[in-house]
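Chemist: Here it is, the structure, as structure tokens.
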Amino acid sequence: SCDASQLCNCSSMGLDFIPPGLTAKITLLNLAHNRIKHIQSQDLQQAVNLRALLLQSNEISSIDEDSFQPLAKLELLDLSNNSLAHLSPLWFGHLFSLQHLRLQGNSYRDLGQSSPFSSLRNLSSLYLGNPQFSVIRQANFEGIELLHKLWIDGSNLSQYEQGSLKSIKEINHMIINIRSINIFSDIVKDLLHSVAWLEVRRIAFSSAAEMQVLRVMSSSSAKKISFRQTLLTDATVPEIVNILEDMPKLVELELVDCRLLGTGQWKMEIQEKQSQILRVLTIRKLSIEEFYLFTDLQAVEGLLSLFTRVTVQNTKVFLVPCRISQHLRSLEYLDLSENLLGDLSLEHSACQGGWPSLQTLNLSQNSLSDLEMTSKSLSHLGNLIVLDISQNNFGEIPDVCEWPKPLKYLNLSSTQIPKVTTCIPPTLEVLDVSRNNLKEFGLQLPFLKELYLTRNQLKTLPGAAPIPNLVALSVRRNKLNSFSKEEFESFRRMELLDASDNNFICSCEFLSFIHHEAGIAQVLVGWPDKYVCDSPLAVRGARVGAVHLSLMECHRSLVVSLICVLVFLVILLLVAVGYKYHVVWYLRMTWAWLQAKRKPKRAPPKDVCYDAFVSYSENDSDWVENTMVRELEQACPPFRLCLHKRDFVPGKWIVDNIIDSIEKSRKTLFVLSEHFVQSEWCKYELDFSHFRLFDENNDAAILILLEPIQSKAIPKRFCKLRKIMNTKTYLEWPAGEEQQQMFWFNLKVALRS
């Protein structure tokens, strides 16, 4: 399970213990997702150079005190999601190099009376807690002075001794999953001057009264506050805003996957403060159940004037009030992606005087459909450089559009554009029209440096003359199959051409031409790495000396054609074999037999209409119709015979006629002759009698031998007929008249039996 660099992956192998034979060469050991229950002293004795030990998602409930003693070089230890009911300081006593320790998701209720981490002087990240974790004591974090990341799952934390986290002098990123506001308030008091980024998860701010205990946050030195999966209400939002407004060093506020109960009726008035340093607001996936009743946010206008970056993603924003846009005077970056902005609402949101300093605007994945109207709505933004309006549904675009003059970057990918027109601004330096339905690209863009045409329908490269300053071109996943020498010579200044995943005809001469004659520094053609020719040509980031092109890669069309021909020949052969060995006949008969098997063995007496069904060859019809039928139907009493010429139902499938006639007749009379065994329909009739009558071991079948038949003439598939002719008496038509009288007498007796 170890590779050349001694990284050993033994995860998800169903192991019950740490495998023996570990050596000093191993640097990473992954034993995650197994069934290990116990770690013994000798398990890791030889792994003295181990840098990372992954034991998460096992069933570990006990660890010998000196199990990790040899691991002085260990930097990462993951014991998360196990069954540890307590933590021992002796486990970590010799882990002097440990930087990352993950202990979350176990079953311990506390960290003990002292600190389990006092010897971990190089610890950088620590993950603690579980749903049963309920107590944090004052001495639990002694010995830790600096952490890059501290993650505590305290969803059921009920006791926190004041000063427990105060021993940690600096925490860059503190994540706490907590429900109790009082406990959270006590923790915040210990973190006022040590945490740079405080992230709070799964807490509910429901009423204004309980927010008073959080007033202590206003003294925090945190630069960033994040709320994840947090509940907010109209009553608590003003209190939170007032607290955050007073935080002296707060630069960034983030709300992710939160829920707001209310419509924005916030009773507060915020005045502009030049001393305010809050500059960045990020809101992602904020759920507002009555978002359509939300107000115009007039109450927080004073807080907005100094914002430089605002992100509001996936929050069902359908309009930004003009007054709010006008108050965002310092805004340089605005991300409103994954919302509900339409053409008219954008026109109102980007009103005159709104977003005057805006340089980057992201409107991707909204409900925009008119590119001319979109460009006109934004044309007054005198500082706009970057515009992303991808994943909207523009379709056909006009020939003339009005854009912001400084615009240099435009993203129109996945916008259902069938053709690019002069609506595209000529000032662009970067243009992305990937994932559309473009079949050609011929725009004049004199300043363009980067062009992205991935996933279109191009069959030729765009012309180089209209885009003389192009440095990078991506035409991945189009329908290109070759480049002409003229096309490449026109792109001599290009630094990167990505043409992978097309339909190129592979050859080393072609690749050498691309590199040596065209002079392009890096060309991505997209064949497998082993097929790159003997040139410094990067194809998916690799170069290999010799080229060995397989038949499939060089002659794909020929190979596909050969495969199709072979498949056709195989099908033709199967048809011929099937015809020779009557496969179709067998299939049809099997289907009809299955249908017949579902019917009752014998028809009810009331449904029996005939004394006998007569099966005969058309070549024997003269004897049957003029001799036998006349003799039997004019007898006293007369016999009722079923003949296919006379009694079959017109329009009904002939096989169904045969089955029904046999079932509605007391007897089946077979007139056997050389013609009979050669007749296709006689075979059907004999087969159905074979299925329905011979299987019942009764005497319903009467055989008349009209002429002598050689045994070999009877088809082999009628083995039961052979058996009956060998074991039972049949009537043979005699030549003399006296003997014929006896024949008719015996036949009539058989029909009446």
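If you want my numbering, it's the position in the sequence shown, counting the first as 1, plus 472.
In this text, a Cβ means the ideal position worked out from N, Cα and C, and glycines have one as well.
Values in this document were obtained by computation on a predicted structure and should not be read as measured data.
So, under 8 Å CB-CB, Gly826 and Gln798 are touching, yes? Tell me the CB distance rounded to an integer number of Å.
Modeler: Taking the first residue of the sequence shown as position 1, residue 826 is located at position 354. Taking the first residue of the sequence shown as position 1, residue 798 is located at position 326. At roughly 5 Å, the Cβ-Cβ gap stays under 8 Å, so Gly826 and Gln798 are in contact.
Chemist: Let me check one thing: in DSSP terms, what residues is Gly626 bridge-paired to?
Modeler: As a working mapping, residue 626 is identified with position 154 in the sequence shown. Per DSSP, Ile650.
Chemist: How many angstroms separate the CA atom of His1116 from the CA atom of Val1037?
Modeler: For this step, residue 1116 is matched to residue 644 along the sequence shown. For this step, residue 1037 is matched to residue 565 along the sequence shown. So the alpha carbons of these two residues sit roughly 46 Å apart.
Chemist: Would DSSP call Leu579 helix, strand or coil?
Modeler: Position 107 of the sequence shown, counted from the start, is the residue given in the question as residue 579. Before going further, note that residue 579 is Ser rather than Leu in the sequence given. In this structure, Ser579 counts as coil in the three-state DSSP scheme.
Chemist: So Leu527 and Thr499 are supposed to be a Cβ contact under 8 Å. How far apart are they, rounded?
Modeler: Mapped onto the sequence shown, residue 527 falls at position 55. Mapped onto the sequence shown, residue 499 falls at position 27. About 16 Å separates the two Cβ atoms, so there is no contact after all.
Chemist: Taking Gly486 and Asn502 to be in contact with their CB atoms under 8 Å, please state how far apart those CB atoms are, rounded to whole angstroms.
Modeler: For the purposes of this step, residue 486 is taken as residue 14 along the sequence shown, with counting starting at 1. For the purposes of this step, residue 502 is taken as residue 30 along the sequence shown, with counting starting at 1. Contact doesn't hold; Cβ gap of about 14 Å is too wide.
Chemist: Just to check my reading of the structure: Cys730 and Leu704 have Cβ atoms closer than 8 Å, yes? What is that Cβ distance to the nearest angstrom?
Modeler: Your numbering for residue 730 matches position 258 in the sequence shown. Your numbering for residue 704 matches position 232 in the sequence shown. The pair is a contact, with the Cβ atoms about 6 Å apart (cut-off 8 Å).
Chemist: Would you report the Cα separation of Ser484 and Ser473, rounded to the nearest angstrom?
Modeler: Taking the first residue of the sequence shown as 1, we reach residue 484 at position 12. Taking the first residue of the sequence shown as 1, we reach residue 473 at position 1. Rounded to the nearest angstrom, the two C-alpha atoms are 12 Å apart.
Chemist: Going by beta carbon distance, what residues of the same chain come within less than 8 Å of Gln571, once the five residues before and after it are set aside?
Modeler: Here residue 571 refers to the residue found at position 99 of the sequence shown. Around Gln571: Glu547, Leu548, Asn594, Leu595, Ser596 and Ser597.
Chemist: Could you work out which residue in Cys873, Thr780 and Lys1139 is closest to Thr832 when comparing CA atoms only?
Modeler: For the purposes of this step, residue 832 is taken as the residue at position 360 of the sequence shown. Closest by alpha carbon: Thr780.
Chemist: Tell me the DSSP bridge mates of Asp807?
Modeler: Reading the sequence shown from its first residue, position 335 is the one you call residue 807. Paired residues: Thr783 and Asn834.
Chemist: If you follow the alpha helix (DSSP H) that Thr846 is part of, which residue opens it and which one closes it?
Modeler: By 1-based counting over the sequence shown, the position of residue 846 is 374. Start and end: Leu843 to Leu850.
Chemist: Would you please state the rounded distance, in angstroms, between the beta carbons of Leu758 and Leu725? I believe it to be under 8 Å.
Modeler: Locating residue 758 in the sequence shown gives position 286, counting from the first residue. Locating residue 725 in the sequence shown gives position 253, counting from the first residue. Rounded, the Cβ-Cβ distance is 12 Å, inconsistent with contact.
Chemist: Are the CB atoms of Phe913 and Leu900 within a distance shorter than 9 Å?
Modeler: Here residue 900 refers to the residue found at position 428 when the sequence shown is read from its first residue. Here residue 913 refers to the residue found at position 441 when the sequence shown is read from its first residue. Result no, Cβ atoms of Leu900 and Phe913 do not sit closer than 9 Å.
Chemist: Would you call Asp1094 buried or exposed, if buried means 16 or more other Cβ atoms sit within 10 Å of its Cβ?
Modeler: The residue labelled residue 1094 in the question sits at position 622 within the sequence shown. Exposed is the call here.
Chemist: Residues in the same chain with beta-carbon distance under 8 Å from Pro588, minus the five sequence neighbours each way, listed in chain order, please.
Modeler: The count along the sequence shown starts at 1 and reaches residue 588 at position 116. Excluding positions up to five away in sequence, the list reads Leu559, Ser560, Pro561, Trp563, Phe564 and Asn612.
Chemist: For the segment 705-745, which segments carrying the alpha helix (DSSP H) assignment without a break, of at least 4 residues, lie completely within its bounds, in sequence order?
Modeler: Segments of the alpha helix (DSSP H) lying fully in the segment 705-745: 709-718.
Chemist: Is Asn1218 helix, strand or coil by DSSP?
Modeler: One-based indexing of the sequence shown puts residue 1218 at position 746. Correct three-state label for Asn1218: helix.
Chemist: Counting along the chain, where does the alpha helix (DSSP H) carrying Glu1105 start and finish?
Modeler: As a working note, residue 1105 is residue 633 in the sequence shown. Val1101 to Glu1105 is the span of the alpha helix (DSSP H), which, as asked, contains Glu1105.
Chemist: Only counting the same chain, and skipping five residues up and downstream in sequence, which positions put a Cβ closer than 7 Å to that of Ile659?
Modeler: Here residue 659 refers to the residue found at position 187 of the sequence shown. The answer, listed in chain order, is Tyr632, Leu637 and Ile648.
Chemist: Can Trp451 and Ala707 be called in contact, C-beta distance under 9 Å?
Modeler: Outside the displayed span of the chain (473 to 1225) sits residue 451, for which this structure offers no information.
Chemist: Would you list the one or two residues that DSSP bridges to His645?
Modeler: Looking up residue 645 in the sequence shown gives position 173. The partner list for His645 (beta bridge, DSSP) reads Lys621 and Trp669.
Chemist: If you drop the 5 nearest sequence neighbours on each side, which residues of the same chain put their C-beta closer than 7 Å to that of Ile640?
Modeler: In the sequence shown, the residue the question calls residue 640 occupies position 168. The residues are Phe613, Ile616, Glu617, Leu619 and Ser666.
Chemist: Going by CA-CA distance only, name the one from Pro1109, Tyr1082 and Glu1146 that's closest to Glu1135.
Modeler: Taking the first residue of the sequence shown as 1, we reach residue 1135 at position 663. The candidate whose alpha carbon is nearest that of Glu1135 is Tyr1082.
Chemist: Bridge partners for Arg756 per DSSP, in chain order?
Modeler: Stepping through the sequence shown from its first residue, residue 756 is reached at position 284. Beta-bridge pairing links Arg756 to Val728 and Gln785.
Chemist: Going by other Cβ atoms of all chains shown within 10 Å of its Cβ, with 16 needed for buried, is Tyr764 buried or exposed?
Modeler: For the purposes of this step, residue 764 is identified with residue 292 of the sequence shown, where counting begins at 1. Tyr764 is exposed by the Cβ-count criterion.
Chemist: Counting C-beta neighbours from all protein chains within 10 Å, is the total for Pro890 16 or more, i.e. buried, or is it exposed?
Modeler: Position 418 of the sequence shown holds residue 890. Pro890 should be labelled exposed.
Chemist: Over what stretch of residues does the alpha helix (DSSP H) that includes His1116 continue unbroken?
Modeler: By 1-based counting over the sequence shown, the position of residue 1116 is 644. Segment His1116 to Asp1119, the alpha helix (DSSP H) holding His1116.
Chemist: Can you give me the C-alpha to C-alpha distance between Lys921 and Leu882, rounded to a whole angstrom?
Modeler: Counting from one through the sequence shown, the residue named residue 921 turns up at place 449. Counting from one through the sequence shown, the residue named residue 882 turns up at place 410. Roughly 12 Å between the two C-alpha positions.
Chemist: Would you kindly report the start and end of the unbroken alpha helix (DSSP H) that includes Arg552?
Modeler: Walking along the sequence shown from the start, residue 552 turns up at place 80. According to the sequence displayed, residue 552 carries Ser and not Arg. Taken as a continuous stretch (DSSP letters only), Ser552 belongs to no alpha helix (DSSP H), as it is neither H nor E.
Chemist: Should Gln837 go down as buried or exposed, given a rule of 16 or more other Cβ atoms within 10 Å for buried?
Modeler: Counting from one through the sequence shown, the residue named residue 837 turns up at place 365. Under this definition Gln837 is a buried residue.
Chemist: Ignoring anything shorter than 4 residues or poking outside the segment 911-971, list the alpha helix (DSSP H) runs there in chain order.
Modeler: The qualifying runs are 957-961.
Chemist: At the level of alpha carbons, what is the spacing between Asn908 and Val947?
Modeler: Reading the sequence shown from its first residue, position 436 is the one you call residue 908. Reading the sequence shown from its first residue, position 475 is the one you call residue 947. C-alpha separation (whole angstroms): 12 Å.
Chemist: Any heavy atom of the ligand MN inside 8 Å of the beta-carbon of Ser906?
Modeler: Because no ligand of any kind appears in the structure shown, any question about the ligand MN cannot be addressed here.
Chemist: DSSP beta-bridge partners for Ile1174?
Modeler: By one-based count along the sequence shown, residue 1174 stands at place 702. Answer is Leu1141.
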